[in-house]
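Numbering (this note's numbering), first residue to last: 531 to 747.
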Amino acid sequence: MFAALGLLLLPDAVAQPASTHTGGVFPMHPMVEGVWVEKLVGDPEVPDAEFVIRIHHDPGYFVLPHTHPRTENITVLSGAWALGMGARLDRSKLVPMPQGALGVVAPKMAHFGYAKLETILQVHGIGPFLNLPVDPVFELSAHGILAKPSLLKPGVPTTAKPDCFKLRVGERIHGRMGAGTVAGALCSPSNLFTEYWITKVDGKRYWATLDELRPAS
């Protein structure tokens, strides 16, 4: 389900497993800076093979509506998550998932999510684990506007020119979680929804919508 990562993923933003899984304990630990998806067991892209991954979301992040070809099992390890079912982003349908809660999404079921706080999810299932947006999603990056055919992979060049990004990368703003600069953004024209990724002076990041932000004085 997980864009964050969305999340403006860089090619090195997925940690590679050290070796073939032979059993053992995988302790909780802080995610490495810049890594949003950590592979614990198997490879989520291998068909008909089990996998376990951990996904990090910065606070305020909405995962736009998407589907998976196989069942997705989501456990909240830390933070606060909410899961909603449907092809449209409807905040009233979000069901809170506190730490320890399990969410199960059936194959091809459209769903979306929200990380109220900085959150780490553990996802397990049978591959391939594909994150397919229900409607087109676009990413604002330092390289311009990109299309997101997968929410978990880097954006790709596009000729589309969606009119949904009102702020620019590098623009200074104030938000509910502090002052910072725009690091990127995601938008879904079909959902009339845009969210901005903000980097604060101390390096911490959060997501916010335009109505939650104002220009820096």
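No residue lacks a Cβ here, since even glycine has one placed at the ideal position from N, Cα and C. Fair warning: this is a prediction, and the values are worked out from it, not measured in the lab.
Check	Outcome
With 16 other CB atoms within 10 Å as the buried threshold, where does Val712 fall?	buried
Quick check: what's the CA-CA separation for Thr649 versus Val567?	12 Å
With a threshold of 8 Å, are at least 3 pairs of Cβ atoms found where one atom belongs to the stretch 578-590 and the other to the stretch 638-655?	yes
Identify, in the order they occur along the chain, each residue of the same chain with its Cβ nearer than 7 Å to the Cβ of Gly710, setting aside the five sequence neighbours on each side.	Ile703, Ile728, Thr729, Lys730 and Val731
Across which residues does DSSP place Met615 in a beta bridge pair?	His641
Alpha carbon to alpha carbon, how far is Leu632 from Ser747?	43 Å
For the putative contact between Ala672 and Leu697, defined by C-beta atoms under 8 Å, what is the C-beta separation to the nearest angstrom?	Not a contact, Cβ separation roughly 13 Å.
When you compare each of Leu682, Pro574, Pro692 and Leu743 to Val565 by their alpha carbons, which one comes out closest?	Leu682
State the Cα-Cα distance for the pair Pro599 and Gly655, rounded to the nearest angstrom.	11 Å
Please check the pair Lys691 and Gly685, which I expect to be a contact at CB under 8 Å, by giving their CB distance rounded to whole angstroms.	With 8 Å as the limit, Lys691 and Gly685 do not qualify as a contact, their Cβ atoms being about 14 Å apart.
For Glu742, I'd like the list of residues in its chain whose CB is within less than 7 Å of its CB, leaving aside the five on either flank, ordered along the chain.	Gly705 and Arg706
Between which two residues does the beta strand (DSSP E) containing Gly655 stretch?	Thr649 to Ile656
Give the secondary structure of Glu575 by DSSP, where H, G and I count as helix, E and B as strand, and everything else as coil.	coil
Within 10 angstroms of the Cβ of Glu563, are there 16 or more other Cβ atoms? Answer buried if so, exposed if not.	exposed
If you measure between the beta carbons of Pro574 and His641, is that distance less than 8 Å?	no
Taking the alpha-carbon positions, what's the Met558 to Ser622 distance?	32 Å
Looking at C-alpha atoms only, which residue of Ile604, Gly700, Val593 and Pro560 is the closest neighbour of Phe581?	Ile604
Specify, as a first and last residue, the run of the beta strand (DSSP E) that Val593 falls within.	Tyr591 to Thr597
Using a Cβ-Cβ cutoff of less than 7 Å, which residues in the same chain neighbour Pro628 once the five nearest sequence positions on both sides are dropped?	Val606 and Ala610
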